[in-house]
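Those letters in the sequence shown? Residues 1 to 249, by the UniProt record's numbering.
Report on the following structure.
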Amino acid sequence: MKEKEALLVYFNHTAEAKIRAIMEYIMDMLECREKFLVFAHHKLVLDSITRELGEKGVKYIRIDGSTPSAERQQLCERFQFSEKSCVAVLSITAANMGLTLHAADLVVFAELFWNPGVLVQAEDRVHRIGQTSNVDIHYLVAKGTADDHLWPMIQEKMNVLEQVGLSEANISDRAECASFHSKDPKQSTITEMFQRSFTEDEVDEAALLEAASDWDDADADKGSSAALKADDFSESPSKKRRLEHYFSR
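And the structure:
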């Protein structure tokens, strides 16, 4: 349990460190896209995104675990039929199913999540009947953080899902990130800890989500502890799933 708690703290601090760069990326996207989805996991990140969008006068909807079921459809319709720029700010675990948001053709994952099935379901909010455009999926990844270890683990699990036929056929058309497999023995050890601690068979996901929520509530008033900057990316050949690499200044 101590190992899982330590990894969870690492995961939480990664979220905090990425906030400023996430907002810079979102504002850049607003210059070329009218509507898109932004998925995040931590309440701290969701709050930061919606607060800054509100301050800048950008229309948005937000759906998370506290959003009543009766309001979800209304929010989706507001996003779908809005004639102005609008951002759908969504919780990875609370808004990954049951929503149709195909008015957008871009999905941005501000954070990673250890269950790849949840990520694919979230991607599919824009892969619905009625979608007429190619869809771009952007994963924002901060090097030197927990993302270094989560992303290779997610890829490995996606491969397993594909092999047993539990995911869509093109899930293997993923972003290339060979550079993420660190040769540093310390980082390799951390990656092994993530793989050992966050497997579907062992992880108590409800407990982890509750712990993450507790951490967010305790640190909600803190500012971002580190500034990160978008630098380069690698793109998958057919699904248009893009991996955005982030580097510390």
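Note that CB positions come from ideal geometry on N, CA and C, so glycine has one too.
With a threshold of 7 Å on Cβ separation, who are the neighbours of residue i within its own chain once the five nearest residues in sequence on each side are excluded?
i, result
"residue 259", "The structure shown does not extend to residue 259, since the chain spans only 1 to 249, so no value can be given for it."
"K59", "S82, K84, S85 and C86"
"V126", "L37, L101, H102, A104, D105, V107 and V135"
"R78", "I61"
"E34", "S85"
"V118", "I92, T93 and N96"
"C76", "L99, T100 and L101"
"T14", "A142, T145, A146 and D147"
Given 6 Å as the limit, tell me if residue i has its C-beta closer than that to any heavy atom belonging to the ligand MG.
i, result
"L44", "Summarising the ligand content, the structure contains no ligands, and the ligand MG is consequently not present."
According to DSSP, is residue i part of a helix, a strand, or is it coil?
i, result
"Q187", "For Q187, the predicted model reports a pLDDT of 46, less than 50, meaning its position is unreliable and no value from the coordinates is stated."
"F11", "helix"
Between residue i and the rest of its own chain, which residues show a CB-CB distance below 6 Å, the 5 nearest in sequence each way excluded?
i, result
"F109", "F39 and Y139"
"S48", "I19"
"S133", "D105"
"V160", "none"
"Q80", "A103"
Got a sec? Which residues, its chain only, sit under 8 Å from residue i by beta carbon, not counting five neighbours each side?
i, result
"L30", "V58, S85 and V87"
"L46", "A40, R62, D64, V89 and S91"
"M97", "Q121"
"K183", "Model confidence at K183 stands at a pLDDT of 43, short of 50, so the residue's coordinates are unreliable; what they give is reported in the following sentence. Nothing meets the Cβ criterion."
Does any residue of chain B have a CB that is nearer than 7 Å to the CB of residue i?
i, result
"L46", "In the displayed structure, chain B is absent; only one protein chain is listed."
Requested in this report: Mind listing, in chain order, the continuous beta strand (DSSP E) runs of no fewer than 3 residues lying wholly within the UniProt domain "Helicase C-terminal" (22-172)?
Outcome: If we require 3 residues or more, the beta strand (DSSP E) runs fully inside the UniProt domain "Helicase C-terminal" (22-172) come out as 35-40, 59-63, 86-91, 106-109 and 136-142.
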